[in-house]
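> Take this structure first; my questions come after.
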Amino acid sequence: MADLPYLHGFTANEQQRLIEQSLFLEPWVYSGLDLSKVSSLLEIGAGVGAQTAILLNKFPALNITCIDHSETQLKKAGEYLSGFPAFKGRYTLNLMKGEQLDFETESFDGVYFCWVLEHVNNPEAVVKEAFRVLKPGGELFASEVFNSTFYAYPEMLYIKEFWALYNRFQFTAGGDPDIGAKLGNLLAKAGFKQISTESRSFMADHRDEAEKKKILDYWTTLLLSAAPNLLEAGLINENAMEMVKQEFNMLAEDPNGVFYCSFIRAFGKK
591 MADLPYLHGF TANEQQRLIE QSLFLEPWVY SGLDLSKVSS LLEIGAGVGA
641 QTAILLNKFP ALNITCIDHS ETQLKKAGEY LSGFPAFKGR YTLNLMKGEQ
691 LDFETESFDG VYFCWVLEHV NNPEAVVKEA FRVLKPGGEL FASEVFNSTF
741 YAYPEMLYIK EFWALYNRFQ FTAGGDPDIG AKLGNLLAKA GFKQISTESR
791 SFMADHRDEA EKKKILDYWT TLLLSAAPNL LEAGLINENA MEMVKQEFNM
841 LAEDPNGVFY CSFIRAFGKK
């Protein structure tokens, strides 16, 4: 199965970035998340196993069936997860599309995905399949992007343009950079009940300069992870990359500088 178009690419550096990203974002993504009642979890779009490792560590009773459409990412997941002896026997890695799950109906206590639907052509099909394979009373847990909430003050023109191109590339590739805002509707259409959504945000200003710098360094790395594909598509040049770095540094140092962006977490029960 060939790798589908992916904004960030499949390089070794990008795979390592995904692992580092998951660890940095853990407080935002996992705060208040309780999977203690779930024993058999399906993780859709497990990628390099970055979220898998966090889940297995946080919930020792959890067994995870991981699926991803990319052989490249699953190979990395196997290498990464094998480095944790405590995880042995608690996960499986499966080459599979989220739109066409090769599992029996009512197979899992829970379904989880994080930063996945933004990259797929048919998110509705993925959510419907998630509903199908859940046991009655099973729960879905999801975190997805809402990129239209991205805000920087003072306005940074290179960052603004780069972010617009970043999202345009994802949309052209068949993804949706605002899919988080649509999670409630997607879950309702699939048949989920007791649906809840919540906005979780990154807020960086000069009240805590060290935290502000950390957040902006993360976002610099995230944006520039798309640079190879944007360069290849002729959408940016090398100068744009350097200017994005400079503007994020300016934002970090500016006492009046503010950065904000949010994502959406959603929950639903079958």
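Using this note's numbering, the first residue of the sequence shown is number 591, and each one after it goes up by one. Each residue gets a CB set at the ideal place from its N, CA and C atoms; glycine is no exception.
1. Among residues of its own chain, excluding the 5 on either side of residue 755, which ones have a beta-carbon nearer than 7 angstroms to its beta-carbon?
2. Give the DSSP-derived three-state secondary structure of residue 815 in the structure shown.
3. Leaving out five residues before and five after residue 845 in sequence, what residues of the same chain have Cβ atoms less than 8 angstroms from its Cβ?
4. Are the beta-carbon atoms belonging to residue 789 and residue 768 less than 8 angstroms from one another?
5. Across the segment 709-726 and the segment 664-684, are there enough close Cβ pairs to call them in contact, namely three or more that are closer than 8 angstroms?
6. Let me know the secondary structure DSSP gives residue 859 once reduced to three states.
7. Candidates 675, 764, 687, 719: which alpha carbon is nearest residue 658's?
8. Over what stretch of residues does the alpha helix (DSSP H) that includes residue 607 continue unbroken?
9. What does residue 701 pair with, by DSSP beta-bridge criteria?
10. Is residue 766 buried or exposed, if buried means 16 or more other CB atoms sit within 10 Å of its CB?
11. Which same chain residues, not among the five before or five after residue 693, have their C-beta less than 6 angstroms away from its C-beta?
12. Report the CB separation of residue 736 from residue 770 in whole angstroms; it is logged as a contact under 8 angstroms.
13. Which of helix, strand or coil does DSSP assign to residue 686?
14. Going by the DSSP bridge assignment, what does residue 660 pair with across the sheet?
15. Have a look at the DSSP bridge pairing and note the partners of residue 741.
16. Would residue 670 be called buried (16 or more neighbouring beta carbons within 10 Å of its own) or exposed?
Walking through what the data contain:
1. In the sequence shown, residue 755 corresponds to position 165, counting from 1. Here the set comprises 820, 825, 826.
2. To locate residue 815, count along the sequence shown from 1; it is residue 225. Residue state, collapsed to three classes: coil.
3. Here residue 845 refers to the residue found at position 255 when the sequence shown is read from its first residue. Once the five neighbours on either side are set aside, the close Cβ partners of residue 845 are 796.
4. On the sequence shown, residue 789 is found 199 positions in, with the first residue counted as 1. On the sequence shown, residue 768 is found 178 positions in, with the first residue counted as 1. Result no, Cβ atoms of residue 789 and residue 768 do not sit closer than 8 angstroms.
5. The answer is no - the segment 664-684 does not touch the segment 709-726, with fewer than three Cβ pairs under 8 angstroms.
6. By 1-based counting over the sequence shown, the position of residue 859 is 269. It is a strand residue.
7. Numbered from 1 along the sequence shown, position 68 holds the residue referred to as residue 658. Per the Cα distances, 687.
8. Position 17 of the sequence shown, counting from 1, holds the residue named residue 607. Unbroken alpha helix (DSSP H) run through residue 607: 602-620.
9. As a working note, residue 701 is residue 111 in the sequence shown. For residue 701, which the question treats as bridged, DSSP gives the partners 632, 730.
10. For the purposes of this step, residue 766 is taken as the residue at position 176 of the sequence shown. Its Cβ being crowded by 16 or more others within 10 Å, residue 766 is buried.
11. Numbered from 1 along the sequence shown, position 103 holds the residue referred to as residue 693. These residues qualify, in order along the chain: 723.
12. Reading the sequence shown from its first residue, position 146 is the one you call residue 736. Reading the sequence shown from its first residue, position 180 is the one you call residue 770. With 8 angstroms as the limit, residue 736 and residue 770 qualify as a contact, their Cβ atoms being about 4 angstroms apart.
13. Here residue 686 is taken as the residue at index 96 of the sequence shown, counted from 1. Three-state result, residue 686: coil.
14. Counting from one through the sequence shown, the residue named residue 660 turns up at place 70. The partner list for residue 660 (beta bridge, DSSP) is empty, contrary to what the question assumes.
15. The sequence position of residue 741 within the sequence shown is 151, counting from 1. Note: residue 741 sits in a beta bridge opposite 850.
16. Numbered from its first residue, the sequence shown carries residue 670 at position 80. With 16 or more other Cβ atoms within 10 Å, it is buried.
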